[in-house]
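Chains D and X, in that order, give the protein sequences.
Per the working numbering, the first sequence starts with residue -1, numbered consecutively.
Per the working numbering, the second sequence starts with residue -1, numbered consecutively.
A virtual CB, placed ideally from N, CA and C, is assigned to each residue, including glycine.
Predicted model only: the values in this text are computed from it and were never measured.
The structure appears below as structure tokens.
Protein chains: 2
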Amino acid sequence: MLTEERHRVILDLLKEKDAIKIQDIVDATNASESTIRRDLTQLEQEKFLKRVHGGASKLQGKLKELSVSEKSSKSLHEKQVIGRYAASLVEEGDCIYLDAGTTTLSLIDYLPEKDIVVVTNGLTHVEALLQKGIKTYMIGGHVKPVTRAMVGSGALDSIRQYRFDKAFMGANGVHAQYGFTTPDPEEAQVKRMAIELSREAMFLADDSKFGEIAFSKIVDLDKAVIITNNLDEEHDSAMKNQTTIKVVTT
Amino acid sequence: MLTEERHRVILDLLKEKDAIKIQDIVDATNASESTIRRDLTQLEQEKFLKRVHGGASKLQGKLKELSVSEKSSKSLHEKQVIGRYAASLVEEGDCIYLDAGTTTLSLIDYLPEKDIVVVTNGLTHVEALLQKGIKTYMIGGHVKPVTRAMVGSGALDSIRQYRFDKAFMGANGVHAQYGFTTPDPEEAQVKRMAIELSREAMFLADDSKFGEIAFSKIVDLDKAVIITNNLDEEHDSAMKNQTTIKVVTT
DNA sequence: TTGGTTATGATTGTTTTTGATTAAAAATGA
DNA sequence: TCATTTTTAATCAAAAACAATCATAACCAA
Chain D
-1 MLTEERHRVI
9 LDLLKEKDAI
19 KIQDIVDATN
29 ASESTIRRDL
39 TQLEQEKFLK
49 RVHGGASKLQ
59 GKLKELSVSE
69 KSSKSLHEKQ
79 VIGRYAASLV
89 EEGDCIYLDA
99 GTTTLSLIDY
109 LPEKDIVVVT
119 NGLTHVEALL
129 QKGIKTYMIG
139 GHVKPVTRAM
149 VGSGALDSIR
159 QYRFDKAFMG
169 ANGVHAQYGF
179 TTPDPEEAQV
189 KRMAIELSRE
199 AMFLADDSKF
209 GEIAFSKIVD
219 LDKAVIITNN
229 LDEEHDSAMK
239 NQTTIKVVTT
Chain X
-1 MLTEERHRVI
9 LDLLKEKDAI
19 KIQDIVDATN
29 ASESTIRRDL
39 TQLEQEKFLK
49 RVHGGASKLQ
59 GKLKELSVSE
69 KSSKSLHEKQ
79 VIGRYAASLV
89 EEGDCIYLDA
99 GTTTLSLIDY
109 LPEKDIVVVT
119 NGLTHVEALL
129 QKGIKTYMIG
139 GHVKPVTRAM
149 VGSGALDSIR
159 QYRFDKAFMG
169 ANGVHAQYGF
179 TTPDPEEAQV
189 KRMAIELSRE
199 AMFLADDSKF
209 GEIAFSKIVD
219 LDKAVIITNN
229 LDEEHDSAMK
239 NQTTIKVVTT
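See below:
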């Protein structure tokens, strides 16, 4: 039975019962206990269920936040790897800016239990941050319906009240010549301002972003460090003399 | 039977009876007494019930803090009535301020399909507003974990960027002498500022709020209109010469 | 095919959960 | 009050579930 089939079986079982035992799944799939455990670990990471001692249970609440396509997307793992590394850079007492977007969202899971303050413009991020008990500030502004990010002049005024030790940013395009880019000019403004207000800025970008160019320029490459999961020779040689690039593999 | 299942069973039993004996739970779950005791200890810690000698009992009072759904269910109908009326006051082109809180939240359901702009400090409200396709602004600031409202100096700076045609407010206490009050001084500040910035301010308060006094004063009664579902003679005569009170019955 | 990667199932030692046992504490009733 | 009964918390050993590791099997691209 294919991995994906098993996953489907597990989720189907969970649809009918609120909680299931590992043995039930073993019986239903004829896979070994070890395999099922691995499945559960994976499905938990992808936010499809919650593991409990002895089995797994539905997770209620905010699972609907992410569309299924997003969750199962191939790049999920890359984002987690990048997010985990970025989170490891956070130090006691830091004031962090966290840009809206899915890559930066994955960082939250790995944030250390330290005394830190996080400022964000992502509505979705706030819930996750509060869940972890992190002191959270949100900048104001117009709420952009599609991305649930704060933009506009209100956001610019609002963000100017803060200063950051580190800013973790997202972008749609990373290009040797055109720098960091994003589709929405208003979002670009906010991002640019966040970088200016920060002692140290980092872009979290998986390898699919390299060579891409979106409509609005945020800043040039030399304004921020890049954290990515993979970097081919072509882009490396084009960008390496402009900024620092950290490649995280596992 | 999984731990979580047992917990569910216990809470279900408690829903039907106000108090249960340990032996009843043992019978219902086929677990040992020791295990049930451990379950009860845990559930008590998580504020789901209160242990009593021989078993467990519902805890009344403010456990409801946890589940917003339960909390709002009690006076849900009143809130809906008030919310619907308040929404009917909204006119084409209005700029609205919507205070955080459950009463104002119910207003959103009834907002007309007009070209309006809504500014809010309630994180929970934003999602509902976007769902209805309403142009939404959020003020920035520190996110208060329990209420998910924006407070603090950031919120004050942020809200000052706007002016409102109408402000719909919530309060914990409405008192002839002490005016409108709320438990948190920081929230009171934001509320006060919102009222100042608004041409017209309205407090949405169900009848349980009358005569109550919370810790922090927001403003005096004459600064805002009151919209409520019911008003007894005593409070009416005490307040009617200070402000306008609109009683909505259906 | 070959070499390398990934998925699998068995095995290991460790951790968590469980139920029984006990002595202490609380309720009961004369 | 005191003695009796019930309930409780604490302890412990057995059982269940666990993560980690490893060798094998299946898979894939060159």
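Spell out the partners DSSP gives residue i in its beta bridges.
| i | result |
| --- | --- |
| S55(D) | A17(D) and K48(D) |
| S196(D) | F162(D) |
| M191(X) | Answer is none; M191(X) lacks a bridge partner. |
| Y135(X) | H140(D) and V117(X) |
| T179(D) | G171(D) and K215(D) |
| K244(X) | I225(X) |
| Y95(D) | V117(D) and A165(D) |
| L202(X) | I225(X) |
| M148(D) | V141(D) |
Identify, in the order they occur along the chain, each residue of the same chain with its Cβ nearer than 8 Å to the Cβ of residue i, setting aside the five sequence neighbours on each side.
| i | result |
| --- | --- |
| P181(D) | N170, A212, F213 and S214 |
| I224(X) | V172, M200, F201, A203, M237, T241, T242, I243 and K244 |
| T1(D) | D37 |
| V50(X) | A17 |
| E185(X) | A98, K142, T145, A147, V149 and S214 |
| L195(D) | Y95, I157, R158, Y160, R161, F162 and A165 |
I believe residue i touches residue j by the beta-carbon criterion, under 8 Å. Please report the beta-carbon distance rounded to the nearest angstrom.
| i | j | result |
| --- | --- | --- |
| G81(D) | D107(D) | 7 Å |
| S55(D) | G138(X) | 37 Å between Cβ atoms; not a contact. |
| L278(D) | V88(D) | This structure does not reach residue 278(D), given that chain D is present from -1 up to 248, and the question cannot be answered. |
| T300(X) | F178(X) | Since the displayed chain X opens at -1 and closes at 248, residue 300(X) lies outside it and no answer follows. |
| Q188(X) | L219(X) | With the sequence shown as reference, residue 188(X) is identified as Val, and Gln is not the correct amino acid for it. About 19 Å separates the two Cβ atoms, so there is no contact after all. |
| L128(D) | V217(X) | Contact flag wrong, Cβ pair sits at about 29 Å. |
| G53(D) | K19(D) | 4 Å |
| T39(X) | M(-1)(X) | 18 Å between Cβ atoms; not a contact. |
| C93(X) | R161(X) | 7 Å |
| A222(D) | I193(D) | 6 Å |
| R190(D) | D163(D) | Wrong, their Cβ atoms sit about 18 Å apart, outside the cutoff. |
| L11(X) | D25(X) | Not a contact, Cβ separation roughly 10 Å. |
Who are the Cβ neighbours of residue i in its own chain at under 7 Å, not counting the five residues just before and after it?
| i | result |
| --- | --- |
| D113(X) | E90 and G91 |
| L61(X) | Model confidence at L61(X) stands at a pLDDT of 38, short of 50, so the residue's coordinates are unreliable and nothing is read from them. |
| Q78(X) | S104 |
| L9(D) | F46 |
| Y176(X) | I211 and K215 |
| I132(X) | L109, I114 and V116 |
| K207(D) | A169, N170, G171 and V172 |
| G209(D) | H173 and H233 |
| D205(D) | T226, N227, N228 and L229 |
| K130(D) | I106 and L109 |
| V246(X) | V79, I80, Y83, I225 and N227 |
Sorted by chain position, which residues of the same chain lie with C-beta nearer than 6 Å to residue i's C-beta, five sequence neighbours on each side aside?
| i | result |
| --- | --- |
| G120(X) | A98 and A147 |
| A84(X) | L105, F166, L202 and I225 |
| Y135(D) | V117 |
| S65(D) | Model confidence at S65(D) stands at a pLDDT of 44, short of 50, so the residue's coordinates are unreliable; what they give is reported in the following sentence. Closer than 6 Å at Cβ, skipping near neighbours: no residue. |
| I34(X) | I20, I23 and V24 |
| T122(X) | R146 |
task = Indicate whether the contact test is met: 3 or more Cβ pairs, each with one atom in the stretch 160 to 174 of chain X and one in the stretch 165 to 173 of chain D, closer than 8 Å.
result = no
ask   = Between the stretch 118 to 141 of chain D and chain X, which residues of the former have CB atoms less than 7 Å from a CB of the latter, in chain order?
value = Listed by position along the chain: L121, V124, L128, T134, Y135, M136, I137, G138, G139, H140 and V141.
query = Taking a cut of 7 Å between CB atoms, which residues from the stretch 22 to 38 of chain X lie near chain D?
reply = Of all residues in the stretch 22 to 38 of chain X, none comes within less than 7 Å of chain D when Cβ atoms are compared.
query = Do the stretch 3 to 15 of chain D and the stretch 36 to 47 of chain D touch if we need at least three Cβ pairs shorter than 8 Å?
reply = Yes, since at least three Cβ pairs between the stretch 3 to 15 of chain D and the stretch 36 to 47 of chain D fall closer than 8 Å, the two stretches touch.
inquiry  = Under 7 Å, CB to CB, which of the residues in the stretch 149 to 171 of chain D have a partner in chain X?
reply    = Going along the stretch 149 to 171 of chain D in chain order, one finds G152, D155, S156 and Q159 with a Cβ nearer than 7 Å to chain X.
ask   = Got a sec: which bits of the stretch 42 to 60 of chain D sit with their beta carbon under 8 Å from any beta carbon on chain X, in order along the chain?
value = V50, H51, G52, G53 and S55
ask   = Between the stretch 175 to 206 of chain X and chain D, which residues of the former have CB atoms less than 7 Å from a CB of the latter, in chain order?
value = none
task = Using a Cβ-Cβ cut-off of less than 8 Å, list which residues of the stretch 219 to 232 of chain D approach chain X; keep chain order.
result = none
ask   = Which residues, in order along the stretch 87 to 102 of chain X, keep a beta-carbon less than 9 Å from a beta-carbon of chain D?
value = none
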